[in-house]
């Protein structure tokens with residue numbers, strides 16, 4: 129079986145999640161800049177603003193690389209998960225070690241009709257596959273455990 133990628137709609141989920149995080153971070157920086165200028169520490173605030181903008185742009189530009197690096201593959205013996213465009217992480221889990229799968233969805237996942245599959249073995253979580261359609265998640269569960277959906 130060929131490696132599969134999460135649904136492309138997960139890029140929108142990640143964009144919205146990152147945007148919320150950067151808005152919160154930006155507000156914290158804005159409060160810090162405001163407080164610093166009130167006590168006379170002016171002239172350096174633009175460095176903070178530039179840093180926030182640069183961080184956001186870097187994140188926005190690397191989302192597609194992150195999506196392209198995400199793969200998972202179910203073989204007759206294993207579930208293989210791999211991700212990371214800069215620091216690559218690969219996990220291979222024997223199918224007979226998988227105890228159960230959780231199917232989760234946050235608010236942005238639900239908005240775009242996606243779920244995340246969390247893979248559990250005895251006593252631990254070994255990985256999460258983001259950006260699957262609910263149908264694909266259920267089919268993956270059926271394929272792993274050999275049951276009909």
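In the working numbering, the protein residues as written are 129 to 277. Beta carbons are placed, not taken as given, at the ideal position from N, Cα and C, and that holds for glycine.
Beta-ladder partner(s) of residue i, from DSSP
i	result
residue 200	132 and 209
residue 247	229 and 255
residue 260	243
Endpoints, beta strand (DSSP E) assigned at residue i
i	result
residue 226	Careful: residue 226 lies outside any beta strand (DSSP E) and carries neither H nor E.
Residue interval of the alpha helix (DSSP H) (run including residue i)
i	result
residue 167	First-last for residue 167: undefined, no H or E at that position.
Three-state class that DSSP yields for residue i in the structure shown
i	result
residue 219	strand
residue 234	coil
residue 274	coil
residue 192	helix
residue 155	helix
residue 183	helix
residue 139	helix
Are the region 254-262 and the region 129-149 touching by the rule of at least three beta carbon pairs closer than 8 Å? yes
Can you confirm whether the region 230-244 touches the region 141-158 when touching is taken to mean that 3 or more C-beta pairs between the two stretches lie within less than 8 Å? yes
Specify whether the region 150-164 and the region 176-190 touch according to this definition: at least 3 beta carbon pairs, one from each stretch, less than 8 Å apart. yes
Using 8 Å as the threshold, is the region 219-229 in touch with the region 199-209, meaning 3 or more CB pairs across them? yes
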